[in-house]
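Novice:
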Amino acid sequence: MRCGVQAKDAARLRWLADARRPAPSCFAGKLVGFDIQAKNDLGEDRSPPLDWPADWKRLLRLPDVRAVVFARTNVVKRCVSKAHVDVFYATCRTRKAVSADHRACLAAHRAAIDAPVAVDGADLARLAHNEGREWVDLMEKAGAAGGRPPLLVFYEALLRDPHRELKRFFAALGMGDRAVSAASGSLKITGDDLRTSVANFSGVEAALGAADPCFLGQLRDAESRVFDTICLAGGTSAFSKHGDASPTAYGY
């Protein structure tokens, strides 16, 4: 087996999950990551997608393996950002501004891409409830497969103080207090204040408040706050209930 695991190579991940085989020596002393997001199609190599109770359970319970969930706690902003990303994709045929060509396209069409979008408040509440349920399902499946709650890393915390969040992440993995160089190759598409991103903000605020007041803090946030509460249809849950890291415990 070649050293290195492709995020969507199910056959190679199954190979690693076989406890009868020793871990490749090229992994020694290295932090190796691969994507377990449930939405991703892990069968691009024509092998069946990985199964949570079987494949991921074997893999996540190997020595020195830990499930990590990269959580975006403001699902309202995430849903609105998808609308802006759709405009970006229609213009530049990509959903992330990573390459030089994509960055140039974003710069050339920034005014059109940044233009406020009209949002249906009731539909936003439905989509945000679905996003919350997906986070809970992902953390529960990762926790059940790994035998312990997954370690959480927060998207908003990386926006606020990337060095602090990454140092917390490495410390939780037992890697000590090490110097961290934090940088992103991707440009953010949607601004932090939805008042400038949503054309009908007041109407959305009223509709969202009527559908589920739990979302109003997320809608009004302009500082990339990390939210512990997960707003669900018919109730709430919390990231700290399902994962190993509480936003409030770390001062977010």
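Residue numbers (numbering that gives the first Met the number 0): 0 to 251. From the three backbone atoms N, C-alpha and C, an ideal C-beta is built for every residue, glycine too.
Determine the DSSP secondary structure at Asp243, reduced to helix, strand or coil.
Specialist: What you label residue 243 is simply residue 244 of the sequence shown in a count that begins at 1. The answer is strand: DSSP assigns Asp243 an E or B state.
Novice: Note down the Cα distance separating Asp192 from Ala221, rounded to an integer number of angstroms.
Specialist: Position 193 of the sequence shown, counting from 1, holds the residue named residue 192. Position 222 of the sequence shown, counting from 1, holds the residue named residue 221. Each residue's alpha carbon lies about 4 Å from the other.
Novice: Does DSSP put Thr90 in a helix, a strand or coil?
Specialist: Your numbering for residue 90 matches position 91 in the sequence shown. Of the three classes helix, strand and coil, the one that applies to Thr90 here is helix, per DSSP.
Novice: DSSP on Ala37, reduced to helix/strand/coil?
Specialist: In the sequence shown, the residue the question calls residue 37 occupies position 38. A caution first: Ala37 carries a pLDDT of 47, below 50, which makes its placement in the model too unreliable to give a value.
Novice: Taking buried to mean at least 16 other C-beta atoms within 10 Å of its own C-beta, is Gly234 buried or exposed?
Specialist: Here residue 234 refers to the residue found at position 235 of the sequence shown. With fewer than 16 other Cβ atoms within 10 Å, it is exposed.
Novice: From Asp176 to Thr247, what distance separates their C-alpha atoms?
Specialist: The residue labelled residue 176 in the question sits at position 177 within the sequence shown. The residue labelled residue 247 in the question sits at position 248 within the sequence shown. One C-alpha to the other measures close to 21 Å.
Novice: Between which residues of its own chain and Pro148 is the CB-CB distance below 6 Å, once the five residues before and five after are set aside?
Specialist: Against the sequence shown, residue 148 aligns to sequence position 149. Cβ within range, chain order: Gly142, Gly242, Asp243.
Novice: Can you tell me where the beta strand (DSSP E) with Phe69 in it begins and where it stops?
Specialist: For the purposes of this step, residue 69 is taken as the residue at position 70 of the sequence shown. Counting along the chain, the beta strand (DSSP E) containing Phe69 begins and ends at 67–70.
Novice: Compute the Euclidean distance between the alpha carbons of Val64 and Tyr88, then round it to the nearest angstrom.
Specialist: The sequence position of residue 64 within the sequence shown is 65, counting from 1. The sequence position of residue 88 within the sequence shown is 89, counting from 1. As the crow flies, the alpha-carbon of Val64 is around 36 Å from that of Tyr88.
Novice: Counting pairs of Cβ atoms below 8 Å between the segment 99–113 and the segment 207–221, do you hit three or more?
Specialist: no
Novice: Only counting the same chain, and skipping five residues up and downstream in sequence, which positions put a Cβ closer than 6 Å to that of Thr90?
Specialist: To locate residue 90, count along the sequence shown from 1; it is residue 91. Same-chain partners within the cutoff: His108.
Novice: Could you check how far apart the C-beta atoms of Thr72 and Phe226 are, in whole angstroms? I think they sit under 8 Å.
Specialist: Counted from its first residue, the sequence shown places residue 72 at position 73. Counted from its first residue, the sequence shown places residue 226 at position 227. That pair is a contact at about 4 Å.
Novice: What residue ranges within the segment 94–161 form continuous alpha helix (DSSP H) runs of no fewer than 4 residues, ordered along the chain?
Specialist: 99–107, 109–113, 120–145, 154–159
Novice: Run through DSSP, which three-state label would Val197 get?
Specialist: Within the sequence shown, the letter at position 198 stands for residue 197. Assigned with DSSP and collapsed to three states, Val197 falls in strand.
Novice: DSSP on Gly208, reduced to helix/strand/coil?
Specialist: For this step, residue 208 is matched to residue 209 along the sequence shown. Correct three-state label for Gly208: helix.
Novice: Beta carbon of Gly120, beta carbon of Gly202: below 9 Å?
Specialist: By one-based count along the sequence shown, residue 120 stands at place 121. By one-based count along the sequence shown, residue 202 stands at place 203. Judged by their CB atoms, Gly120 and Gly202 are nearer to each other than the 9 Å cut-off.
Novice: Classify Gly202 as helix, strand or coil using the three-state DSSP reduction.
Specialist: By 1-based counting over the sequence shown, the position of residue 202 is 203. Note: Gly202 maps to helix in three-state DSSP.
Novice: Would you check if the distance between the CB atom of Leu49 and the CB atom of Leu58 is smaller than 9 Å?
Specialist: For this step, residue 49 is matched to residue 50 along the sequence shown. For this step, residue 58 is matched to residue 59 along the sequence shown. Going by C-beta atoms, Leu49 is nearer than 9 Å to Leu58.
Novice: Looking only at its own chain, which residues have a Cβ that is under 7 Å from the Cβ of Glu130, when we skip the five neighbours before and after it?
Specialist: Taking the first residue of the sequence shown as 1, we reach residue 130 at position 131. Hits under 7 Å: Val74, Arg77, Cys78.
Novice: Compute the Euclidean distance between the alpha carbons of Val86 and Val97, then round it to the nearest angstrom.
Specialist: Here the question's residue 86 lines up with position 87 in the sequence shown. Here the question's residue 97 lines up with position 98 in the sequence shown. Val86 and Val97 have their alpha carbons spaced roughly 16 Å apart.
Novice: Would you mind working out which of Phe69, Lys187, Asp136, Ala144 sits nearest Lys81, comparing C-alpha positions?
Specialist: Taking the sequence shown and counting its residues from 1, one reaches residue 81 at position 82. Comparing Cα-Cα distances from Lys81 to each of Phe69, Lys187, Asp136, Ala144, the minimum goes to Lys187.
Novice: Beta-carbon within less than 8 Å of His101's beta-carbon, same chain only, minus the 5 sequence neighbours each way: which residues are those?
Specialist: Within the sequence shown, residue 101 is the residue found at index 102, counting from 1. Taken in chain order, the residues that qualify are Cys91, Thr93, Lys95.
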